[in-house]
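Asker: Sharing a structure, written as structure tokens. Questions coming.
Number of protein chains: 6
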Amino acid sequence: MLPQVRSAETADVYFLRSRDALRYLGLDPKVGMSVFPGRAGVCCGIRQVVELLSEARFDGELWALQEGDTAESGEAALEIYGKYSAFGVYETAILGILASCSGWATAAAEVVGAGAPVPVVSFGARHVHPNVSAIMDYCAIVGGCVTCSTPLGATLAGLAPSGTMPHAYVLIVGDTVQAAEGFDQAMDDTVPRVVLVDTFQDEAVESVRVAQALGDRLQGIRLDTPSERGGVTPSLVCEVRARLDLAGFRHVQIAVSGGVTPERIIRFREAQAPVDMYGVGSHITAALPIDYTGDIREIDGRPVSKRGRIPGMQRHGRLQQIL
Amino acid sequence: MLPQVRSAETADVYFLRSRDALRYLGLDPKVGMSVFPGRAGVCCGIRQVVELLSEARFDGELWALQEGDTAESGEAALEIYGKYSAFGVYETAILGILASCSGWATAAAEVVGAGAPVPVVSFGARHVHPNVSAIMDYCAIVGGCVTCSTPLGATLAGLAPSGTMPHAYVLIVGDTVQAAEGFDQAMDDTVPRVVLVDTFQDEAVESVRVAQALGDRLQGIRLDTPSERGGVTPSLVCEVRARLDLAGFRHVQIAVSGGVTPERIIRFREAQAPVDMYGVGSHITAALPIDYTGDIREIDGRPVSKRGRIPGMQRHGRLQQIL
Amino acid sequence: MLPQVRSAETADVYFLRSRDALRYLGLDPKVGMSVFPGRAGVCCGIRQVVELLSEARFDGELWALQEGDTAESGEAALEIYGKYSAFGVYETAILGILASCSGWATAAAEVVGAGAPVPVVSFGARHVHPNVSAIMDYCAIVGGCVTCSTPLGATLAGLAPSGTMPHAYVLIVGDTVQAAEGFDQAMDDTVPRVVLVDTFQDEAVESVRVAQALGDRLQGIRLDTPSERGGVTPSLVCEVRARLDLAGFRHVQIAVSGGVTPERIIRFREAQAPVDMYGVGSHITAALPIDYTGDIREIDGRPVSKRGRIPGMQRHGRLQQIL
Amino acid sequence: MLPQVRSAETADVYFLRSRDALRYLGLDPKVGMSVFPGRAGVCCGIRQVVELLSEARFDGELWALQEGDTAESGEAALEIYGKYSAFGVYETAILGILASCSGWATAAAEVVGAGAPVPVVSFGARHVHPNVSAIMDYCAIVGGCVTCSTPLGATLAGLAPSGTMPHAYVLIVGDTVQAAEGFDQAMDDTVPRVVLVDTFQDEAVESVRVAQALGDRLQGIRLDTPSERGGVTPSLVCEVRARLDLAGFRHVQIAVSGGVTPERIIRFREAQAPVDMYGVGSHITAALPIDYTGDIREIDGRPVSKRGRIPGMQRHGRLQQIL
Amino acid sequence: MLPQVRSAETADVYFLRSRDALRYLGLDPKVGMSVFPGRAGVCCGIRQVVELLSEARFDGELWALQEGDTAESGEAALEIYGKYSAFGVYETAILGILASCSGWATAAAEVVGAGAPVPVVSFGARHVHPNVSAIMDYCAIVGGCVTCSTPLGATLAGLAPSGTMPHAYVLIVGDTVQAAEGFDQAMDDTVPRVVLVDTFQDEAVESVRVAQALGDRLQGIRLDTPSERGGVTPSLVCEVRARLDLAGFRHVQIAVSGGVTPERIIRFREAQAPVDMYGVGSHITAALPIDYTGDIREIDGRPVSKRGRIPGMQRHGRLQQIL
Amino acid sequence: MLPQVRSAETADVYFLRSRDALRYLGLDPKVGMSVFPGRAGVCCGIRQVVELLSEARFDGELWALQEGDTAESGEAALEIYGKYSAFGVYETAILGILASCSGWATAAAEVVGAGAPVPVVSFGARHVHPNVSAIMDYCAIVGGCVTCSTPLGATLAGLAPSGTMPHAYVLIVGDTVQAAEGFDQAMDDTVPRVVLVDTFQDEAVESVRVAQALGDRLQGIRLDTPSERGGVTPSLVCEVRARLDLAGFRHVQIAVSGGVTPERIIRFREAQAPVDMYGVGSHITAALPIDYTGDIREIDGRPVSKRGRIPGMQRHGRLQQIL
């Protein structure tokens with residue numbers, strides 16, 4: 275996390291002013307704050323909240339769901355007990371972490387659920403600010419993705435990243451088959467040979483050409499047809515599979531990327547299109563944040579709340595003490 | 275920006291592999307890359323892209339729109355010319371910066387446009403990861419907000435932050451009038467006295483009580499009624515205004531926050547509700563990113579492109595040379 | 275009923291002219307008239323039809339469904355046999371009684387069905403002309419309401435009316451607690467103490483204040499929040515319940531009124547909002563009348579009918595002879 | 275009006291209890307009550323309100339719109355000033371009169387507006403309770419109908435009623451032509467000869483037969499085809515007109531009734547169907563009441579109001595003093 | 275079929291040019307062509323394709339579904355193997371036969387399915403070009419109609435045609451009863467006496483008059499009420515049945531025609547209207563053609579295909595060799 | 275037309291029976307029949323009706339609109355006067371000709387209107403039975419197409435057909451460039467060189483290859499991309515144009531076919547896609563027939579009609595005497 279988060283420069287300024295006014299008034303009760311989402315989804319970000327409070331030497335109690343648990347709308351995902359001065363200025367950061375991370379993890383879970391048992395890889399780093407792209411990838415893995423495309427995101431999740439070559443590489447080499455051969459020669463054996471086949475020519479034709487060039491070394495081809503050419507359709511996958519099979523390349527797998535959503539995966543499945551892996555980007559990165567709210571519900575042991583909320587902490591059974 | 279952005283650990287791994295393979299093949303042409311959005315909107319993030327490329331000692335040319343310009347779908351917002359090895363691994367980061375920042379700035383512009391001439395303040399830090407919350411605030415200001423709630427975001431835009439007190443503060447003090455008086459005594463004179471009046475009691479009643487307590491020192495009250503109590507409605511604003519006026523407090527302004535969207539602002543305007551300031555959060559933070567694409571369109575001076583795209587750079591007249 | 279109904283001044287004038295022409299022609303056959311609704315619903319008004327024909331000294335036969343039975347579209351609810359001169363001029367009144375009364379009873383049955391087992395009281399007198407408001411209340415009770423707000427309506431149904439205090443009373447006293455105390459002192463013990471709590475202040479705060487003032491004598495509070503303040507929502511009911519319980523007033527019941535419809539009751543039920551009584555007005559008073567048609571289907575024992583209708587009486591088994 | 279309205283037996287019982295409690299508390303301030311509709315429409319019922327308050331010897335002031343004026347949503351249609359004890363128990367009746375009457379007048383105005391300049395007659399007595407059917411007819415005339423079918427309704431409006439013969443008459447006589455001839459012989463000359471032609475046979479054939487029988491004495495025919503036979507359609511009217519004209523009966527007018535609504539009138543107009551009069555029933559009687567609210571806004575000269583409403587009387591320029 | 279079909283003057287001209295170019299290039303491989311529909315439906319037209327290829331002395335193989343089988347979208351309905359020169363120019367005709375015929379048969383199957391077990395007769399010759407009207411009738415019978423109205427269509431299906439008298443005949447005779455009697459006298463005994471009863475007068479009245487005139491010789495009446503009079507409705511059928519039964523003519527059947535669709539049949543069935551036969555026209559003649567595609571999938575034994583299609587013949591088990 | 279049309283074997287059998295019954299009754303009045311469409315559109319088929327009546331030696335009068343005129347719903351397009359025996363049995367054929375032909379011409383006019391000024395060619399022969407495919411092409415030309423794909427259809431309209439090569443030809447030759455060269459060598463100079471480029475490979479690549487092979491002799495390329503590959507999109511057309519232009523082939527035109535509809539043409543136009551010709555098939559062949567009705571409106575000079583229709587001929591000014 276950025277150092278400015280810990281120094282509270284990213285807090286809403288009213289929390290800083292509140293801190294100053296309470297100090298002036300000599301008020302610092304022990305409070306209980308309940309933190310809950312505005313809609314149901316996968317709860318993600320707990321780990322970073324713990325990290326932040328630990329770095330800030332918070333000495334109260336923290337009870338929380340486990341990373342990746344489902345949280346219902348209004349159900350406490352986190353309950354914090356302690357002197358208000360010990361954590362009040364971090365309310366903005368805590369809510370923000372949970373909002374972004376839970377939004378990404380929930381969207382990933384949707385697309386993973388639609389695709390199962392076909393694996394899904396998080397490919398969205400290019401659609402989100404690089405300050406959070408690795409965190410987004412980590413959250414996508416919490417939501418069920420098998421891995422992601424950024425090295426830092428994979429490291430956060432203790433995995434190896436996935437990905438082979440961009441269109442830029444194929445364009446610079448100037449021919450798909452030559453690009454595949456160069457890649458094969460340059461990479462060490464741990465890198466799977468998966469070749470992007472839609473840069474210059476018809477995908478079905480190129481797939482067979484690449485397979486003839488790399489033979490058994492070719493693990494798969496990736497279809498990423500641009501929307502200007504109709505995108506990747508179920509019938510394209512079926513045809514590529516049929517032409518590879520007819521040419522004797524049954525072992526070559528087919529990866530699909532480009533605008534993949536749960537709805538489109540369902541159409542692939544209904545058409546029995548033989549996809550071996552989905553790369554998903556914008557469905558995850560365009561996820562709406564799941565807004566969280568932090569409410570003081572107890573002051574010095576007394577149930578309180580603002581209008582519109584039920585006084586008192588929830589203390590339900592799924593919360594575990596972490597700090 | 276995080277140091278890992280410059281070290282390319284947040285790049286899609288296939289760009290790192292592409293770099294290695296091209297080095298192995300001895301290929302490093304001078305290329306032109308055109309970067310364009312997938313839908314129209316406010317273009318934002320240029321400043322950070324320049325910062326990143328400068329830090330990376332990029333020695334080619336960079337042509338770009340100006341921060342805050344409108345970019346049409348498919349229209350080049352950025353054109354980069356140089357050795358591919360000098361910037362290729364930053365494609366992920368560049369696109370990600372533009373996607374997130376342009377999404378936020380565009381949503382801010384929508385809500386500012388709906389509210390004009392009533393000023394809008396960015397209040398969304400709590401709905402987005404703290405690693406990007408200040409950047410989000412900066413983008414909201416590029417999109418037209420008059421300022422924002424985070425000190426760091428305001429600093430990025432060369433402004434002072436805005437905000438007074440949270441519900442937590444009022445709850446801890448235990449009474450709205452006492453909270454207002456404490457705040458008034460504790461703060462120096464540069465901080466405007468704007469008091470949150472919906473914590474314990476009916477907003478119209480509390481507004482008059484607070485005004486009677488602070489008199490001329492009170493600059494405004496803020497309505498943030500929770501959705502459980504129907505949210506802030508045009509008729510609530512009209513009634514608060516009428517009751518303040520009947521009690522002789524015509525100088526007290528009314529700020530409105532909580533789920534404010536362009537559609538809701540239009541309903542306030544149609545009802546002629548006398549709002550003096552809007553605080554907007556989730557409409558901006560829930561903005562869809564505007565996905566950008568980076569296409570190689572020229573190699574060693576020759577127009578090229580992948581299937582589905584028009585070969586050649588755009589070089590249109592609104593682009594200016596920055597590097 | 276108005277005396278002008280019996281004198282046939284409220285008949286369509288063509289029935290008066292028809293009477294004169296038939297007398298001129300010397301025609302007065304024994305006819306059978308079948309009366310049936312245009313859509314299914316609760317049949318109500320039979321009692322008043324009997325009253326009208328009895329007052330008019332009708333000497334033929336009347337077969338009818340029982341008050342409150344369901345009648346299908348096109349199914350005879352009433353069959354009248356007799357000299358045409360003995361009842362022809364009352365066709366307008368008979369159809370009008372059945373249309374209005376069945377519309378009200380059917381709408382009441384809808385809302386009672388949605389609310390069960392929570393009781394529903396008819397509160398709609400203010401939305402309908404006073405010449406029929408007590409009849410509307412009687413029909414609502416036929417449709418399942420436990421009682422109503424008008425003394426005359428309750429008398430028609432052999433019950434006591436329900437209701438405590440209007441906003442006007444609370445406004446004139448000037449404070450909700452004083453209004454409650456005054457009411458408690460002034461009323462004899464048969465009147466339940468149910469206090470309206472939304473006149474001046476937040477409902478949850480006032481409920482607790484009123485409960486503290488009246489203690490065990492308080493039977494319930496009524497929520498009638500105006501739509502300008504969001505109306506009564508499920509979460510408001512839940513919060514009031516929670517705050518009353520926290521303060522030790524578990525015996526105080528919650529009544530809800532203001533725009534209550536079957537759809538809104540379903541939302542209350544889905545949210546498990548602990549409502550103890552609903553007051554329903556405009557859903558019943560805005561009910562569409564169920565139009566009835568009266569067709570001559572037999573003349574001197576011979577089946578006849580106009581074009582578009584099946585000749586002959588229905589004489590089905592659910593009809594019972596009343597006259 | 276019923277005597278029970280004046281004795282307040284049709285009041286909501288809480289007004290009676292409020293009266294008793296205020297008397298017990300010795301409170302009887304001079305109040306101002308503003309009465310306004312919940313949606314825009316023709317304001318009707320003022321005359322009956324004046325009648326009721328006059329009978330009740332109300333000695334305060336009454337300011338009101340004129341019968342038939344348009345009232346906007348929330349705009350005061352009536353403002354009453356006086357001792358609360360002098361009119362408080364009539365709030366239910368006043369609101370009920372305005373709700374029903376304004377609903378009927380507004381619906382009538384819609385259908386009259388659609389039909390203009392073709393005259394519309396109110397034919398709905400059979401769809402509404404006879405205690406209010408004449409009042410409904412009076413309101414329909416306030417809304418623009420040229421007259422109505424009930425003698426009492428016509429009397430209220432100072433007009434003569436309209437209508438000729440029912441299906442029952444034609445069925446009893448047994449033949450449309452004989453029925454027409456009998457009617458012609460029996461009626462005095464002031465009754466227009468308009469014959470219902472759809473009872474036994476095809477309307478176009480019967481129209482010509484009736485015209486041949488009555489010749490110049492026939493003023494018009496009425497089409498009331500049941501929905502089982504497709505109802506009256508524009509092409510039926512055109513064909514009847516054409517066949518009458520071909521047979522030389524250009525002077526015979528065509529009246530249309532049965533489920534006539536503004537939408538259906540528009541289709542008749544678009545098809546240029548030559549209708550000379552519309553009889554309208556259920557569109558007016560099925561009108562939603564326009565709910566009115568009565569709010570105390572002034573107590574002993576001081577502006578007040580309950581939550582959600584603006585304190586103070588409206589006293590706008592369209593109100594005139596009546597009492 | 276027209277002689278110009280066999281001489282290929284109705285082929286798309288590019289097939290003629292293709293034939294000339296291939297002859298110039300000396301190319302005439304043995305090809306396999308797979309012919310399949312774009313949407314599922316009843317496959318019809320096989321018999322005519324065989325006829326055409328036989329007349330053209332085609333000497334290859336033809337495998338096909340059976341006339342009237344269901345074909346799924348994309349499933350081969352026909353596979354042709356032979357020298358391309360032997361059938362290439364007939365591609366247009368083969369596809370056109372299957373498209374029109376399958377469209378008609380499929381629509382007929384829909385309406386027959388909705389009406390079962392009530393028989394349906396094809397009455398649509400008047401809505402389609404006479405060059406194909408008999409073929410349309412034949413296809414309707416393949417789709418399940420019991421017969422049709424044209425002699426040539428019935429001959430193609432080996433049946434006798436159905437139909438009695440047009441409106442023109444009744445108009446010329448000038449009275450429905452006289453028309454019925456004339457028809458009865460003129461026709462030999464094999465022609466069923468079914469009389470059209472809606473020409474001049476109300477259908478229910480005329481039905482009884484005709485039944486009284488023809489007695490036991492009358493087999494049925496036909497209702498074909500024009501849409502200007504509301505068309506034939508379920509309640510009209512019920513009323514005609516009731517009036518015939520009341521008059522003692524239970525043996526007289528009721529045929530219904532005019533705009534009959536599956537949706538309208540469902541309404542008749544739901545209303546339990548006692549229809550004995552439906553005549554259906556425009557639902558069948560307005561059927562969308564089911565477009566067929568002919569793809570070369572094999573050349574000299576080698577699987578081939580154009581882009582977007584799977585190479586190789588389908589040879590599935592439902593195809594039988596015909597030539 | 276088929277000989278069986280003239281021999282009336284394609285007539286509805288009831289016309290044949292009507293002919294026999296009238297002969298038996300000795301009735302053969304001079305009648306006037308008015309023929310009109312059920313919805314507005316281009317009137318087409320008049321020429322064939324004249325041909326049929328001439329062949330049948332009809333000796334009465336025929337008044338008609340001109341081929342291609344617009345006819346409104348219910349407006350007479352044809353009026354026939356003569357002995358009923360002279361044309362009665364042709365009613366089925368006359369209505370059928372007008373229904374099919376007017377449906378096709380109207381659909382063609384829609385698509386031509388959307389495409390103007392870009393020319394449209396009728397390509398639908400493969401979607402309609404070959405007995406009427408040439409007539410469909412003729413009607414499409416009446417509706418505005420510049421020509422069609424069948425030689426017989428073009429002959430009917432006095433034009434030359436249009437079309438170059440099918441996918442079958444390219445598949446048999448085995449390579450698009452060789453197919454183009456073979457075609458160029460084989461055809462005489464009057465045949466335009468328009469090459470289908472989507473059979474094997476990416477359309478943009480093949481277009482340039484074909485242009486390089488044929489140079490100035492190449493007039494155009496045709497895009498007919500199958501729906502499995504996304505169909506032809508506006509961006510595909512733009513890219514092909516750009517790549518042809520970049521390679522120096524500005525003179526090569528672009529024809530588009532495959533599922534072209536008015537809606538899709540509008541999208542091409544909005545995207546400014548440079549299409550030079552559209553080939554349209556199924557939009558025209560899937561046109562709903564425009565059902566025509568033939569009504570006897572005059573018998574021996576006397577206005578008559580069946581129920582639901584206005585008696586008498588229309589004789590309006592746009593009708594001209596043809597026979």
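Residue numbers (my numbering), protein chains in the order written: chain A, 275 to 597; chain B, 275 to 597; chain C, 275 to 597; chain D, 275 to 597; chain E, 275 to 597; chain F, 275 to 597. Backbone N, C-alpha and C define an ideal beta-carbon position, used for all residues, glycine too.
Taking C-beta pairs closer than 8 Å, name the residues in chain F that Thr-507(A) reaches, listed in chain order.
Answerer: Per Cβ cutoff of 8 Å: Glu-502, Arg-503 and Gly-504.
Asker: Would Gln-322(B) be called buried (16 or more neighbouring beta carbons within 10 Å of its own) or exposed?
Answerer: Gln-322(B) comes out buried.
Asker: Below 7 Å between beta carbons: does that hold for His-401(F) and Ala-487(E)?
Answerer: Cβ atoms of His-401(F) and Ala-487(E): not closer than 7 Å.
Asker: Of all the beta strand (DSSP E) runs that stay within the bounds of the region 473-534 of chain A, which reach a length of 3 or more residues?
Answerer: DSSP runs (the beta strand (DSSP E)) wholly in the region 473-534 of chain A: 494-497 and 527-531.
Asker: Determine whether the Cβ of Tyr-259(A) lies closer than 7 Å to any Cβ atom of chain B.
Answerer: In the structure displayed, chain A extends from 275 to 597; residue 259(A) sits before or after that span and is not available.
Asker: When you check each C-beta in the region 467-492 of chain B against every C-beta of chain C, which residues fall closer than 8 Å?
Answerer: The residues in question are Phe-474, Gln-475, Asp-476 and Val-479.
Asker: Quick check: the region 392-408 of chain C against the region 351-369 of chain C, are at least 3 beta-carbon pairs closer than 8 Å?
Answerer: At 8 Å Cβ cutoff, the stretches do not touch.
Asker: Using a Cβ cut-off of 8 Å, pull out every chain D residue sitting near Tyr-298(C), in sequence order please.
Answerer: Those within 8 Å of Tyr-298(C) in chain D are Gly-456, Gln-459 and Ala-460.
Asker: Counting only runs of 3+ residues fully inside the region 394-421 of chain D, write out the beta strand (DSSP E) ranges in chain order.
Answerer: Correct list: 394-396.
Asker: Quick one: does Ala-516(A) have its CB under 7 Å from some CB of chain E?
Answerer: Cβ-Cβ to chain E under 7 Å: yes for Ala-516(A).
Asker: Could you round the C-beta distance between Gln-475(F) and Val-444(A) to whole angstroms and report it? I think they count as a contact, below 8 Å.
Answerer: Not confirmed; about 17 Å, so no contact.
Asker: Does chain F have any CB closer than 7 Å to the CB of Arg-581(B)?
Answerer: For Arg-581(B), the answer is yes, since a Cβ of chain F falls inside 7 Å of its Cβ.
Asker: Inspect the beta-carbon positions of Gly-489(C) and Val-309(C) and report whether they are closer than 7 Å.
Answerer: No. Outside cutoff.
Asker: Identify every residue that forms a DSSP beta bridge with Pro-311(D).
Answerer: Paired residues: Tyr-566(D).
Asker: Does Arg-280(F) come within less than 7 Å of chain E when only Cβ atoms are used?
Answerer: Judged by the 7 Å Cβ criterion, Arg-280(F) is not in contact with chain E.
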